[in-house]
Every structure is written in structure tokens, then in C-alpha cells.
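Q: Take any residue in the sequence shown, count from 1 to its spot, add 26: that is its number in this note's numbering. The beta-carbon is built from N, C-alpha and C at its ideal position, and this holds for glycine as well. Just so it is clear, the structure is predicted and the values come from calculations on it, not from any experiment. Provided herewith is a single structure, encoded as C-alpha cells, for subsequent inquiry.
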Amino acid sequence: MSNNVYGIDLGTSNLKVYCKATGKILNEKNTIAIVNKNQMYAYGDAAYAMYEKAPESIHVTFPIVNGVIADFANMQTMINDFLETHAKGKVRGAEFVVAVPTDITEVEKKAFYDIFAQSKMKPRSVLLCEKPIADAVGLGLDVNEPTGTMIVDIGADTTEISVISLGGLVLSDLLHFGGNRIDESIINYIKRNFNLLIGQKTAKMLKEQLGSGIGENLEDSMVVVGRDVVSGLPIEMEITAQVVYDAIKDNLNAICNSIKMILEKTPPELAKDIIHSGIYITGGASAIHNLDTLFTQITNIRVNRCDNPEESAARGLIKIVSDAKYKHLCFSLQTRFFK
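Here's what the structure looks like:
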């Protein structure tokens, strides 16, 4: 196995690329700024800095929507340029292993495959892997064992709740709901109760700084700037953690209900394993304070957090292609379609 291998997680919010040669994860915003309808002006963190600030001539978009590729051409241009600019290893003729969401169609999976297979990088091979399995391996779990493991991956646009055993998905549910919906709830709640209109970035900052899964010890606050709906003028206002909690609690309860539904369908022997090992939460939006405490209160099962949760799938992908005992967990669409 050469070092010319890349594990890629095309997330709605962030693009994560694990380069085996360097052992590092490149993590940038999955955002594109376009001028003249089809010409790329900027991408990544530079494009995200323009979001909600750009003039009409610059259109800032997110090429991944609800976990699937919505803008194929621009996504392909961006990933080519990103790898050629930032990757230290050789990109042309490399091996790529790509994380794909569960419960999407074969056509949507093929888009993830084609974005590399049909690129000018001329890859030696393109393999796909179910994202919950990549998450589990990235968390250091041995998914080949006949042991039930529950993974809850809370991303920007989707939440995947999966039960894994013997290297496969026993149960899985993909919710079109994630961190972005939580941000929108904060925007709507503050507008409705305080006549203050804030931007998506400000709402995201409030969620990360003040968001909490439980309504206890909510003394912190933060000063934000928005537009007064009544006067139309920009104003400063102090927003408390209690306000943010009231805005997001219904969304978090919706995720709790989905976890309970999956647990109700889980076979008893696997449920016994999950009680012993606990539920694993990952994904960028899982970093909300006390989210693990909320899930434990609802399910009576211990909840395990991880460091850098948004990067767990990318870490798992390289382990899957590097370790012979995990190699069978990824697949090629060519063998799927033509065998």
C-alpha cells in the first residue's frame, strides 16, 4: 500500500481531507464564491468569509446540500484545486476513499464516485465507504466484532443514527436535519421575541458559545449585532444562554426522539451491547455543551464524546484502506454495478 492515499469526507459545512503521506487532516469550509455565473472566485475559508457579506456580483454557495452533491461541476473544480494546492503528496494517480451518507440513492452515491473518477487527477482507484462505519473506525472501535455499536453523527444538514455490527449497518436513519436547522431556529426565535434580525454566522456563534443541551447553569451571555426589525437600524443586544437554550431545545428533542425510535427497533442482543458500550456521538454539531447529558437523560444510556468530532470519518477512512482487516468495509461502484 503506497502513501499516495487520500481519505475524503465531503461534508455540507466542511471539507475534510486526510493525506496518508503527511498523516494530517486538511479541514476547510465547503464553500464556493462564484462570479459571472460559472467562474470560481474563491473557495474554502476565503469564500466562507464572504458569506452574507458579498455584493450581488459574487454568489456564495454550498455545493453539498442535505449530505449529497448539489453542484457537481463546481465541487469537482474546487476539490481538484484544493488538493493540488494544499496536499503534500502526489495527487495524480492517487487512491481515494470517500465517505458517503447512508439512505441515499445509488445515483447520488455515483456522484461521489464520479467527482473523482472523472477528474483530471486520473485516480488509480476510487472506493466508497458508508459514513457511520468510517466514523466508528475513526473513533477507534473494532466494527468487525459481533458487537452492537450506536453512532449518532450530527452534521450541518443531516443527522445519521446508525447501529453497526459485524462491519455492516443493522439499522440506519438519515434525518434531513442538523446544525443549520438549529442555527435557523436561533435566528427565528430572536427575531420573534426581540425584533432583532441576526445573520447565519452570528447564530452559529451563539450556538457554539452559549448552546446547551440542558436548561441548567445558563448564566453566560454574549453581545451580538443585528438589525432592529422595527426601526431598520443596526443595534447591539445582549443574548443570554437561556434564550439560546429556549430556541434550540425543540430541535434537540427531535433528535432524541429519533434515537429512541432506532433503539426501539434494535434487536435485544444488540441493545445489550449498546447499553454496555454507550452511544457514540460525533459530527460538528455534536459539540453543543451538555448534549451528551441530554441524551443520557432521555435514553438512560451512557453517551461517549470524542475529540475533533467533525474529523472522525476522515480519520477512519485512512485506517480502513491501510489496515487489511478493514479493507472489506469499502466498496467500488464498478464492482457493485457490473458483478
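#1: Taking the alpha-carbon positions, what's the A113 to G181 distance?
#2: If you reduce the DSSP assignment to three classes, tell me which class K42 lands in.
#3: Of the choices V256, A313 and T173, whose alpha-carbon is the least far from that of R218?
#4: Mind the definition here: the segment 143-154 touches the segment 116-127 only if three or more C-beta pairs lie below 8 Å; say whether that holds.
#5: Within the same chain, show all residues whose beta-carbon is closer than 7 Å to that of L359, passing over the 5 residues directly before and after it, in chain order.
#6: Between A340 and the rest of its own chain, which residues show a CB-CB distance below 6 Å, the 5 nearest in sequence each way excluded?
#7: What are the residues that DSSP puts in a beta bridge with S188?
#8: In the DSSP assignment, the alpha helix (DSSP H) including G205 goes from what residue to what residue?
#9: How is S145 classed by DSSP in three states: helix, strand or coil?
#10: Nearest to F203 by CA position, among D276, I105, K353 and S348, is which residue?
#11: From H354 to A162, what does the alpha carbon distance come to, in whole angstroms?
#12: Using 8 Å for Cβ pairs, my map puts D183 next to T38. What's the rounded Cβ distance?
#13: Locate the alpha helix (DSSP H) running through Y74, then write down its first and last residues.
#14: In whole angstroms, what is the alpha-carbon distance linking C282 and D209?
#15: Could you please give the first and the last residue of the uninterrupted beta strand (DSSP E) stretch that includes H302?
#16: To test your reading of the DSSP string, which unbroken beta strand (DSSP E) runs of 3 or more residues are found completely within the segment 73-143?
#17: Provide the residue span of the alpha helix (DSSP H) that contains G342, from first to last.
#18: Could you spell out the range, first to last residue, of the alpha helix (DSSP H) harbouring K275?
#19: State buried or exposed for I336, treating a residue as buried only when at least 16 other CB atoms are found within 10 Å of its CB.
#20: Going along the chain, which residues of its own chain have a beta-carbon closer than 7 Å to the beta-carbon of K146, five neighbours each way excluded?
#21: Using the Cα positions of V133 and V124, report the straight-line distance between them to the nearest angstrom.
#22: From the DSSP output, which residues share a beta bridge with I58?
#23: Reducing DSSP to helix, strand and coil, say where I261 ends up.
#24: Looking at K55: is its Cβ nearer than 8 Å to the Cβ of N40?
#25: Considering only residues of the same chain and omitting the five flanking positions on each side of I300, which have a CB-CB separation below 8 Å?
#26: Could you name the residues that DSSP lists as bridge partners for Y32?
#27: Buried or exposed, going by whether 16 or more other CB atoms sit within 10 Å of the CB of H315?
#28: When the distance is taken between beta carbons, is T319 closer than 8 Å to G239?
#29: Between N170 and the rest of its own chain, which residues show a CB-CB distance below 8 Å, the 5 nearest in sequence each way excluded?
#30: From P127 to L343, what distance separates their C-alpha atoms?
#31: Please confirm whether K286 and T325 have their CB atoms less than 8 Å apart.
#32: Once the 5 residues before and after G241 are set aside, which same chain residues still bring their CB inside 6 Å of it?
#33: Just curious, the alpha helix (DSSP H) that E234 is in, first and last residue?
#34: Quick check: the Cα distance between M101 and N53, rounded to an integer number of angstroms?
#35: Span of the beta strand (DSSP E) holding G164?
#36: Name, in chain order, the residues that DSSP records as bridge partners for H315.
A: In brief:
#1: Counted from its first residue, the sequence shown places residue 113 at position 87. Counted from its first residue, the sequence shown places residue 181 at position 155. Rounded to whole angstroms, A113 to G181 spans 25 Å at the Cα level.
#2: By one-based count along the sequence shown, residue 42 stands at place 16. Strand at K42.
#3: In the sequence shown, counting from the first residue as 1, residue 218 sits at position 192. Checking every option, the nearest Cα to that of R218 belongs to V256.
#4: yes
#5: Counting from one through the sequence shown, the residue named residue 359 turns up at place 333. Counting only Cβ-Cβ distances below 7 Å, and skipping sequence neighbours, we find K135, K136, Y139 and L154.
#6: Here residue 340 refers to the residue found at position 314 of the sequence shown. Only G33, D35, K42, Y44 and I51 meet the Cβ criterion.
#7: Translated into the one-based positions of the sequence shown, residue 188 becomes position 162. The partner list for S188 (beta bridge, DSSP) reads I177 and S198.
#8: Residue mapping note: residue 205 aligns to position 179 of the sequence shown, counting from 1. Note, G205: alpha helix (DSSP H), G205 to F220.
#9: Within the sequence shown, residue 145 is the residue found at index 119, counting from 1. The answer is coil: DSSP assigns S145 none of H, G, I, E or B.
#10: Residue numbering aside, residue 203 sits at position 177 when the sequence shown is read from its first letter. Ranking D276, I105, K353 and S348 by Cα distance to F203 puts D276 first.
#11: Along the sequence shown, one-based indexing puts residue 354 at 328. Along the sequence shown, one-based indexing puts residue 162 at 136. H354 and A162: Cα-Cα distance of roughly 15 Å.
#12: Translated into the one-based positions of the sequence shown, residue 183 becomes position 157. Translated into the one-based positions of the sequence shown, residue 38 becomes position 12. That belief holds up - the Cβ atoms of D183 and T38 are roughly 4 Å apart, short of 8 Å.
#13: For this step, residue 74 is matched to residue 48 along the sequence shown. Per DSSP, the continuous alpha helix (DSSP H) segment holding Y74 begins and ends at D71 to M76.
#14: The count along the sequence shown starts at 1 and reaches residue 282 at position 256. The count along the sequence shown starts at 1 and reaches residue 209 at position 183. Between C282 and D209, the C-alpha separation is close to 18 Å.
#15: Counted from its first residue, the sequence shown places residue 302 at position 276. Run containing H302: none in the beta strand (DSSP E); it sits in the alpha helix (DSSP H), P294 to S303.
#16: 84-87 and 121-126
#17: Here residue 342 corresponds to residue number 316 of the sequence shown, with the count starting at 1. S338 to S348 is the extent of the alpha helix (DSSP H) around G342.
#18: Residue numbering aside, residue 275 sits at position 249 when the sequence shown is read from its first letter. First-last of the alpha helix (DSSP H) with K275: A267 to K291.
#19: What you label residue 336 is simply residue 310 of the sequence shown in a count that begins at 1. Here residue 336 is Glu; the residue named in the question, Ile, does not match the sequence. Its Cβ being crowded by 16 or more others within 10 Å, E336 is buried.
#20: Counting from 1 along the sequence shown, the entry for residue 146 is found at position 120. N106.
#21: On the sequence shown, residue 133 is found 107 positions in, with the first residue counted as 1. On the sequence shown, residue 124 is found 98 positions in, with the first residue counted as 1. Going from the Cα of V133 to the Cα of V124 covers about 15 Å.
#22: Reading the sequence shown from its first residue, position 32 is the one you call residue 58. As a beta-bridge residue in DSSP terms, I58 pairs with Y69 and T87.
#23: As a first step, residue 261 is located in the sequence shown; it is residue number 235 there, counting from the start. Correct three-state label for I261: strand.
#24: The residue given as residue 55 occupies position 29 in the sequence shown. The residue given as residue 40 occupies position 14 in the sequence shown. In this structure, N40 lies closer than 8 Å to K55 by Cβ.
#25: Position 274 of the sequence shown, counted from the first residue, corresponds to residue 300. Correct list, in chain order: G174, T175, M176, V189, L289, T292 and I327.
#26: Residue 32 sits at position 6 when you count from the first residue of the sequence shown. Looking at the DSSP assignment, Y32 forms a beta bridge with C45 and F122.
#27: As a first step, residue 315 must be located in the sequence shown, where it is residue number 289. With 16 or more Cβ atoms within 10 Å of its Cβ, H315 is classed as buried.
#28: In the sequence shown, counting from the first residue as 1, residue 239 sits at position 213. In the sequence shown, counting from the first residue as 1, residue 319 sits at position 293. The answer is yes: Cβ separation under 8 Å.
#29: Here residue 170 corresponds to residue number 144 of the sequence shown, with the count starting at 1. Closer than 8 Å at Cβ, skipping near neighbours: L192, G193, K351 and Y352.
#30: As a position in the sequence shown, residue 127 is number 101, starting the count at 1. As a position in the sequence shown, residue 343 is number 317, starting the count at 1. Distance between the alpha carbons of P127 and L343 is about 13 Å.
#31: For the purposes of this step, residue 286 is identified with residue 260 of the sequence shown, where counting begins at 1. For the purposes of this step, residue 325 is identified with residue 299 of the sequence shown, where counting begins at 1. Contact: yes.
#32: Along the sequence shown, read from residue 1 onward, the residue named residue 241 stands at position 215. Excluding sequence neighbours, G241 sits near Y271.
#33: Along the sequence shown, one-based indexing puts residue 234 at 208. E234 -> alpha helix (DSSP H) spans Q226 to L236.
#34: If you number the sequence shown from 1, residue 101 lands on position 75. If you number the sequence shown from 1, residue 53 lands on position 27. If you take the alpha carbons of M101 and N53, they lie about 15 Å apart.
#35: In the sequence shown, residue 164 corresponds to position 138, counting from 1. Run containing G164: none in the beta strand (DSSP E); it sits in the alpha helix (DSSP H), K157 to G164.
#36: Here the question's residue 315 lines up with position 289 in the sequence shown. Its beta-bridge partners are S238.
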